[in-house]
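Each residue of the sequence shown is one higher than the one before, starting from 0 at the first, in numbering that gives the first Met the number 0.
Heads up, the beta-carbon is just placed ideally off N, CA and C, and yes, glycines get one too.
Reading through the structure tokens given below for one structure.
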Amino acid sequence: MNRVRHNRVKLLLLIGLFALPVAASYLAYYVWQPTARKNYGELVKQVDVRLSGAGLGGGNFDAASLKGKWVMVYVGGGECAKPCRELLYFMRQTRMAQGKEMARIERLWLLTDEAVPAPELRAYHDGLHYLKPRLPPARQFAGSETGAYLYMIDPLGHLMMRWPQNPDPSRMIRDIRLLLKASQIG
0 MNRVRHNRVK LLLLIGLFAL PVAASYLAYY VWQPTARKNY GELVKQVDVR LSGAGLGGGN
60 FDAASLKGKW VMVYVGGGEC AKPCRELLYF MRQTRMAQGK EMARIERLWL LTDEAVPAPE
120 LRAYHDGLHY LKPRLPPARQ FAGSETGAYL YMIDPLGHLM MRWPQNPDPS RMIRDIRLLL
180 KASQIG
């Protein structure tokens with residue numbers, strides 16, 4: 000009888016050995032959920048961005064022409080005050096900080112009024128795309144009515160992340176670097 004009991008204990012230990020990782024995974028997934036995250040920017044509910052309108056030259060411009068690239072977006076009026084200039088500067092610098100990967104990123108300024116950005120500002124931000132949308136972009140870009148965020152559109156044309164008005168550029172650079180590294184498209 001002692002041998003039977005000994006074999007049962009061995010069997011139970013063997014079953015426990017294989018059940019332990021499964022039980023630990025359920026415990027980790029449903030009970031212990033870490034609050035720390037890697038990204039600095041706020042992930043937003045994915046919205047399919049469909050914007051078209053006029054470019055600065057007056058011709059038609061469709062944001063779909065930027066599909067296949069990561070697109071950093073600023074939403075604001077053409078009278079670009081100091082906060083606007085800082086955000087545009089952060090957009091330019093975080094893109095340039097990506098080195099050889101910067102070609103995968105485009106920059107877009109959605110103009111929310113009829114004001115035209117100053118020529119010296121346009122010259123300073125060479126390569127920045129301008130779009131005066133036919134419809135107000137506020138529905139797609141939550142919080143854009145305050146001009147408080149920078150946004151990121153993925154290569155498939157979905158709005159997926161936003162950064163605050165006074166972002167930490169080094170943390171933005173890290174976010175973008177992680178996105179580009181993880182992305183197989185764009």
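- Taking one beta carbon from each stretch, the segment 129 to 138 and the segment 87 to 105 have fewer than 3 pairs nearer than 8 Å; the two do not touch.
- Per DSSP, the beta bridge partners of D61 are S51.
- In the DSSP assignment, L10 falls within the alpha helix (DSSP H) that extends over N1 to Y29.
- In the three-state DSSP reduction, K81 falls in the helix class (H, G or I).
- When Cβ pairs closer than 8 Å are counted between the two stretches, the segment 110 to 118 is seen not to touch the segment 21 to 29, the count staying below three.
- Taking a cut-off of 8 Å for Cβ pairs, the segment 63 to 73 and the segment 146 to 165 touch, as three or more such pairs fall below it.
- If only uninterrupted beta strand (DSSP E) runs of at least 3 residues are considered, those enclosed by the segment 100 to 164 are 104 to 110, 128 to 132, 149 to 152 and 157 to 162.
- Going by beta carbons, R106 and V70 fall inside the 9 Å limit.
- Membership of Y73 in the beta strand (DSSP E) is indicated by the continuous run W69 to G75.
- One thing to note: P136 has its Cβ no nearer than 9 Å to the Cβ of L86.
- By the Cβ-count criterion, A62 is buried, with 16 or more other Cβ atoms from all chains shown falling within 10 Å of its own Cβ.
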